[in-house]
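Just so we're aligned: the sequence shown equals residues 552 to 1050 in our numbering.
Some notes on the structure that comes next.
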Amino acid sequence: MIKGAGAERLGAVLLPLALACAHQRPGDASHGWDYEVTPTPQLDRLDVTLCFHDAIPRSLVADEAGAARYILSPRAVANGHPLTLAPDGETLDTRGATGKCLAYAVDLARMAEEVEEQHMVRVGGVVATSPHLWLWRPGKLIREADVSLAFKLPASVQASAPWPVDDRGRHRLPYTAFSWASQVVLGEFDALHFTSAGTEFDVAVMKLPREISDAGLQRWLDTAATTVAGLYGGQFPASHMQVIVVPYPGGGDPVYFGMALRGGGPAVQLLISAAAGDDEFPGEWVAIHELLHHGMPFVQRDDAWLSEGFVTYYTEVLRARAGFHSERDAWQALLAGFDRGSRSGAGQSLAEESRQMHENFAYQRVYWGGAAIALLADVALREAGSSLDAAMRHLQRCCASTLRVWPAGQILQAMDDSGPALQGSSGQAKLEAPKLEAPKLEAPKLEALASPILRSAAFPDLTPVYRKLGVSMVDGEPTLDESAPVAHLRRAIFSQPRP
Ligand SMILES: [Zn+2]
């Protein structure tokens, strides 16, 4: 019977759909959820609730191995049903939970005793932790999930996180809050909030003895942000920046260590000398270096030559442009760095040294090998009427805020793709070019320029480029020859480009 067969076929399609709606089993994913996080005044425990926009997902996980050791009484809020740890020891099973909200506590006291310092540290009245240790989320993470978080803080406790805040005062957690490293600081710290070069800075300073004043800290970070912003037309390339400052006893350089983090939003951590005063900080290189990282996309670890090399080159160039040191001082630093780079490493190609940088401590070889590529690229681009500035700005616009990790090849490709936009955008270089100039060369491809250097075990020979630019070393001091063939390009490198 034709009619019946049709109805049967229709039924075959509709019935499973109807069943699916009526008895929809929750999946491992969720399209959105909201956390409330309440630390105790003693910071020995966090109480966390999370309410899902749709059904409770089938499972919860955390993004740090061993996080399950610190979770206490995970349960459904509606019926108090306890969540059980699956046999893998890492997954919470939510079967039996009703409603939309789950709750758990986190044993911060135990965590402080057991977890290695990289992920959790307790200093006086402050804990700094990777949120991956306590932010449990659906077993399957959707990139577009709409996730928010609010802290409910006791009077004595403040919070610092890299996540942006919406108009309702809630933090918004992008996908990378779960997938990339970050730090959340809870407790009593000195908080500074200011806007610099269009970026909101949230600075948490550990309450430890320090010579630098709050005003000095702000001036230091403001000058660093403005210096980096000079490369990007005066606007720092991020809307929000978490900065964590840890003063440490001792003398010497004003800043001992810096690190850029990207999970959930851009962040910088800085370990500073407790003995250094306000005037020692503006123009020092570490803050400028770390902030520069945030103008570039997240480069994969194996390709540190690119991220560290280009940032190292620009750290010296931008400090000269901002007037913190002279062009000669910048050359002194560049030549000394290239010299260290050429004398270190394990005798492998730059690409291989870069892959094994952390194992072999080949930092000088990788940072300065990459910086040499940046210098060669900048000069070649300027000879063709463009500049590395223009390529960096293009890269920032197209790619810096993408939430993924980039191989170096794709970044060079993206810079090469800036194509005609590179032409004629070198600012100062054009102004200073002599009238009778040789015809412009075709803009070089950065990939082609970098690849023989990456394959070579030898540090790139910079003698020809020094000669062209008029840079030489006499008795350990750089001398600059203004009659060199492209001395105007050298001067342009160290001049602030027009926006
Ligand atoms: Zn770096």
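By construction, the Cβ of each residue, glycine as well, lies at the ideal position given by its N, Cα and C atoms.
Owing to the predicted nature of the structure, the values given are computational and were not obtained by experimental measurement.
For residue 1025, count the other beta carbons within 10 Å of its own beta carbon; 16 or more makes it buried, fewer makes it exposed. Which is it?
exposed
What residues are listed by DSSP as bridge partners for residue 957?
850
Kindly examine ligand 1 and report whether one of its heavy atoms sits closer than 6 Å to the Cβ of residue 850.
no
Option nearest residue 835 by Cα separation, candidates 812, 778, 855, 817:
778
If you measure from the CB of residue 862, is any heavy atom of ligand 1 nearer than 6 Å?
yes
Mind checking which residues open and close the beta strand (DSSP E) that includes residue 658?
652-658
Could you round the C-beta distance between residue 684 and residue 666 to whole angstroms and report it? I think they count as a contact, below 8 Å.
7 Å
Apart from the five residues on each side of it in sequence, which residues of its chain come closer than 8 Å, Cβ to Cβ, to residue 619?
613, 636, 640, 641, 643
For residue 736, the residue or residues it bridges with in DSSP
679, 711
Check whether the Cβ atoms of residue 1006 and residue 900 sit closer than 7 Å, and answer yes or no.
yes
Residue 700 and residue 724 closer than 7 Å at C-beta:
yes
If you follow the alpha helix (DSSP H) that residue 751 is part of, which residue opens it and which one closes it?
That residue, residue 751, is in no alpha helix (DSSP H); its beta strand (DSSP E) goes 750-757.
On the criterion of 16 or more Cβ atoms from any shown chain inside 10 Å, does residue 1034 qualify as buried, or is it exposed?
exposed
Is it the case that the Cβ atoms of residue 616 and residue 689 are separated by a distance below 7 Å?
no
Work out the CA separation of residue 997 and residue 931 for me, nearest whole Å.
9 Å
CB residue 846 to CB residue 947, shorter than 7 Å?
yes
Quick one: is the Cβ of residue 835 within less than 6 Å of any heavy atom of ligand 1?
no
So, helix, strand or coil for residue 815, using DSSP?
coil
If we require 4 or more residues per run, which alpha helix (DSSP H) segments fall completely within the stretch 877-901?
878-894
Going by the C-beta, is residue 859 closer than 6 Å to any heavy atom of ligand 1?
yes
In chain order, what residues of the same chain have a beta carbon less than 6 Å from the beta carbon of residue 672, not counting five sequence neighbours either side?
679
Quick check on DSSP: helix, strand or coil for residue 1005?
helix
For a test of the three-state rule: what should DSSP assign to residue 1010, helix, strand or coil?
coil
Decide if residue 999 is buried, meaning its Cβ has at least 16 other Cβ atoms within 10 Å, or exposed.
exposed
Quick one: what's got a C-beta closer than 7 Å to residue 1047's C-beta in the same chain, skipping five residues either side?
781, 872
Does DSSP put residue 845 in a helix, a strand or coil?
coil
Tell me the rounded alpha-carbon separation between residue 593 and residue 756.
19 Å
Do you know how far the Cα of residue 1017 is from the Cα of residue 1117?
The question about residue 1117 has no answer here: the residues shown for the chain are numbered 552 through 1050.
Cα-Cα separation, residue 703 to residue 582:
24 Å
C-alpha distance - residue 653 paired with residue 855, whole-angstrom precision
41 Å
Return helix, strand or coil for residue 798, following the three-state DSSP convention.
strand
In the DSSP assignment, find the beta strand (DSSP E) that holds residue 702 and state where it starts and stops.
697-702
Pair every Cβ in the stretch 918-938 with every Cβ in the stretch 816-830, then say whether three or more of these pairs are closer than 8 Å.
no
Anyone know if the C-beta pair for residue 919 and residue 832 falls short of 7 Å?
no
Beta-carbon spacing of residue 758, residue 745 below 7 Å:
no
What are the uninterrupted segments assigned as beta strand (DSSP E) that are 3 or more residues long and contained completely in the stretch 604-644, given in chain order?
610-612, 622-627, 642-644
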